[in-house]
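Protein sequences, first through last, are from chains A and B. In this text, residue positions in the first sequence follow the numbering used here: the first is 1, and each later residue adds one. In this text, residue positions in the second sequence follow the numbering used here: the first is 1, and each later residue adds one. Every residue gets a Cβ at the ideal spot worked out from N, C-alpha and C, and that includes glycine. It should be emphasised that the depicted structure is a prediction, and the values quoted were computed from it without experimental measurement.
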Amino acid sequence: MASTATELKTEPTGQSHPDGSVAVAVDNLHVRFGSGASTVTALKGVSVDIAEGALVTMIGPSGCGKSTLLRAIADLAPASEGDIKVHGGSPRHARESRDFAFVFQDATLLPWRNAIDNVKLPLEVGGQGSNHADPEELLTLVGLKGREKALPDELSGGMRQRVAIARALVTRPRILLMDEPFGALDEITRDKLNEELLRIWTETGTTIMFVTHSIPEAAFLGQKVLVLAANPGTVKEYMPVDLPFPRNLAMRDTLEFIEITARLRKLLEEC
Amino acid sequence: MADAVGTEEALRSEKRAILAGAWVDRLPAIIAVIGLISGWQFIVTVFDVPTYIAPSPIDVLAGFRDNAKILWLNFWPTLMEAIAGFLVGNTIAVLLAITFVHSRMAEKAFFPIAVFINTIPIIAVAPILVLIFGNGYTPKIVIAALICFFPTLVNMVRGLKAVSPATLDLMRVLSATQTEVFWKVRIQSSLPFLFAALKIASTTCVIGAIVGEWIGSSFGLGALIIEATYNFRSPLLYATVFMAALLAVTLFSIVTVAERRLIHWKSPAVE
């Protein structure tokens with residue numbers, strides 16, 4: 001797949017963030033659903049800083065609130081207590097100024113729109129300005145050149161998710177929030193998309209927060225892995241992954257990688 | 001070149017094969033229809049059934065020939081009433097559905113009334129409407145509209161609400177307004193549901209028009225049915241019934257063609 005779309009860059013590229021600025025700051029966040037006796041505490045006192053340009057994966061047992069954390073940052077779930085700052089402002093402000101984009105587990109493409117028109121959707125709603133990436137170039141970036149006119153039901157699950165990623169990038173977001181985006185895909189497709197996501201990250205310099213329930217995926221993608229414990233959701237550990245970039249799939253057979261996944265597995269067992 | 005001609009030839013013969021295949025597919029149905037009509041003719045002839053009780057297919061054909069003018073004259077009013085009722089009933093249903101989806105209050109207030117109107121047998125309301133609107137076209141159109149109204153209302157409300165929570169999340173992340181969600185997502189999502197209802201309406205509107213004509217009317221296929229029955233003109237009665245069926249099938253086909261034109265994507269199954 002061709003590496004194009006250099007103009008997508010927003011900040012100096014991915015790996016290094018010399019100014020050390022913070023993209024997302026979560027401070028003592030509590031999220032509760034329901035009221036009275038039926039209150040469910042999804043997150044309890046979560047604090048974490050996501051550095052500008054970082055790629056952070058989030059993992060934890062089901063019920064640990066990893067999706068809730070992502071949704072709270074995206075202004076899809078309200079914080080009951082505590083504070084979230086996205087580039088210094090509120091999540092709502094960040095949403096309205098298109099600071100971030102969200103990729104869901106389901107591609108959520110509109111079935112009556114072809115690939116290119118689905119990518120253009122964010123430019124047609126929400127009263128957006130003219131600062132956007134070229135949709136055709138984005139489809140090339142995600143490896144779908146030539147399939148612009150294909151309807152979602154003519155594309156495979158992996159291809160649909162690629163369109164969803166292109167759609168997320170079209171507004172040149174500084175942060176990409178991804179909620180188990182490859183969870184429903186088969187392993188071979190998932191591996192391929194993992195490698196491509198790393199490439200896109202390097203090329204665009206976007207901050208990425210990536211929720212997953214796969215230990216190898218969390219270790220392979222993340223500069224850091226945020227491990228959450230369940231009932232209620234709290235931060236178990238914020239673990240750096242000491243693997244060099246650029247990463248490739250072969251690294252997953254190295255001893256270092258296996259040691260990292262073993263550590264993650266042990267942490268998760270304690271949750 | 002020779003090759004191109006060869007492929008064209010092959011394509012043509014393939015087309016012919018598909019056409020032949022379609023005929024072979026329909027053959028059982030055609031044979032069954034011919035068999036039924038022959039059986040009908042056979043029974044009427046062998047048991048010497050009087051024409052006024054049950055005319056033979058040949059008698060019915062003669063009925064068509066002898067009454068061509070009167071059938072044709074009475075076909076148009078019914079067609080007009082059915083189409084007008086179809087348009088009026090469905091338009092009101094769609095507009096009301098849109099109101100319901102945007103206002104819970106309106107739905108709570110008016111939905112029970114809509115259900116109540118639907119539970120009154122159309123045969124029972126027909127005389128009331130004739131008393132109110134007189135003997136012209138109006139009561140027939142109103143009855144046809146009434147009979148279309150409810151299924152479309154229910155389906156359209158369901159269709160407009162049939163947007164996945166994930167898609168709504170996506171639109172929220174994009175800061176889309178309610179109006180944008182309506183025009184970009186809800187309308188298209190509702191189309192398969194709407195057409196399922198319109199197909200029902202395309203045949204029931206004919207029933208509505210005919211029932212309207214049963215009550216003190218001097219024109220239309222409904223009036224002709226009553227007249228032919230009272231005068232034991234069975235061949236005319238049968239011919240009229242066939243005309244009514246033909247009308248319903250024609251309207252149904254028009255709706256089906258419109259559906260195929262408009263919905264080019266695969267939609268999740270609508271029962």
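Would you tell me roughly how many angstroms separate the C-alpha atoms of residue i and residue j, rounded to the nearest one?
i, j, result
"M159(A)", "H213(A)", "21 Å"
"I200(A)", "I175(A)", "13 Å"
"L109(A)", "A22(B)", "35 Å"
"V48(A)", "F149(B)", "56 Å"
"V125(A)", "L237(B)", "58 Å"
"T68(A)", "L29(A)", "11 Å"
"L95(B)", "P152(A)", "30 Å"
"L198(A)", "P28(B)", "59 Å"
"P112(B)", "A106(B)", "11 Å"
"F245(A)", "K236(A)", "25 Å"
"E137(A)", "G146(A)", "11 Å"
"L185(A)", "L141(A)", "20 Å"
"E270(A)", "I258(A)", "19 Å"
"V103(A)", "K266(A)", "29 Å"
"E14(B)", "E8(B)", "10 Å"
"V185(B)", "W112(A)", "10 Å"
"N114(A)", "L139(A)", "12 Å"
"D99(A)", "R71(A)", "14 Å"
"F64(B)", "M243(B)", "9 Å"
"P240(A)", "K149(A)", "41 Å"
"G143(A)", "R92(A)", "32 Å"
"V257(B)", "S190(B)", "18 Å"
"A124(B)", "V181(B)", "41 Å"
"A153(B)", "Q178(B)", "Note that residue 153(B) corresponds to Leu in the displayed sequence, not to Ala. Rounded to whole angstroms, L153(B) to Q178(B) spans 21 Å at the Cα level."
"N118(B)", "N90(B)", "14 Å"
Quickly, what does DSSP pair residue i with across the bridge? List them, please.
i, result
"T204(A)", "Looking at the DSSP assignment, T204(A) forms no beta bridge with any residue, so it has no partner."
"T41(A)", "R32(A)"
"P181(A)", "Beta-bridge pairing links P181(A) to no other residue."
"E237(A)", "V227(A)"
"I50(A)", "V24(A)"
"T57(A)", "F210(A), V225(A)"
Could you have a look at residue i and say whether DSSP puts it in helix, strand or coil?
i, result
"K145(A)", "coil"
"A230(A)", "coil"
"Y230(B)", "helix"
"K85(A)", "strand"
"F104(A)", "coil"
"A77(A)", "coil"
"L36(B)", "helix"
"T212(A)", "coil"
"T6(A)", "Bear in mind that the predicted position of T6(A) carries a pLDDT of just 40, short of 50, making it unreliable; the figure below should be weighed with that in mind. If DSSP states are grouped into helix, strand and coil, T6(A) belongs with the helices."
"L176(A)", "strand"
"I43(B)", "helix"
"H102(B)", "helix"
"D66(B)", "helix"
"Y238(B)", "helix"
"P139(B)", "helix"
"P122(A)", "helix"
"H132(A)", "coil"
"F273(A)", "Residue 273(A) lies beyond the range of chain A shown here (1 to 271); nothing can be said about it."
Once you ignore the five residues that flank residue i on each side, which residues in its own chain have a CB closer than 8 Å to its CB?
i, result
"T330(B)", "Since the first residue shown for chain B is 1 and the last is 271, residue 330(B) is missing from the structure and cannot be characterised."
"T240(B)", "L71, N74, L221, L224, I225, A228"
"I132(B)", "P139"
"S202(B)", "F86, A248, L251, F252, I254, V255"
"S62(A)", "H213, A230"
"Y137(B)", "P77, M80, E81, A84"
I'd like the list of long-range same chain contacts for residue i, defined as Cβ closer than 6 Å, with 5 residues on each side in sequence excluded.
i, result
"I141(B)", "E81, A84, G85"
"A20(B)", "none"
"K120(A)", "P135"
"I147(B)", "I122, T204, G208"
"P173(A)", "F100, A101"
"G88(A)", "none"
"A107(A)", "R160, Q161, A164"
Identify, in the order they occur along the chain, each residue of the same chain with its Cβ nearer than 7 Å to the Cβ of residue i, setting aside the five sequence neighbours on each side.
i, result
"V130(B)", "P139, I215, G216"
"K44(A)", "H30, P232, G233, T234"
"V88(B)", "I141, A145"
"F193(B)", "N155, M156, R158, G159, A162, V270"
"T206(A)", "T10, P173, R174, I175, L176"
"S35(A)", "none"
Report the CB separation of residue i from residue j in whole angstroms; it is logged as a contact under 8 Å.
i, j, result
"I122(B)", "V211(B)", "6 Å"
"L247(B)", "L79(B)", "6 Å"
"R247(A)", "F220(A)", "6 Å"
"V225(A)", "I59(A)", "6 Å"
"E256(A)", "L264(A)", "Actually they do not touch by this definition, with Cβ atoms about 13 Å apart."
"A74(A)", "V163(B)", "That pair is no contact at about 19 Å."
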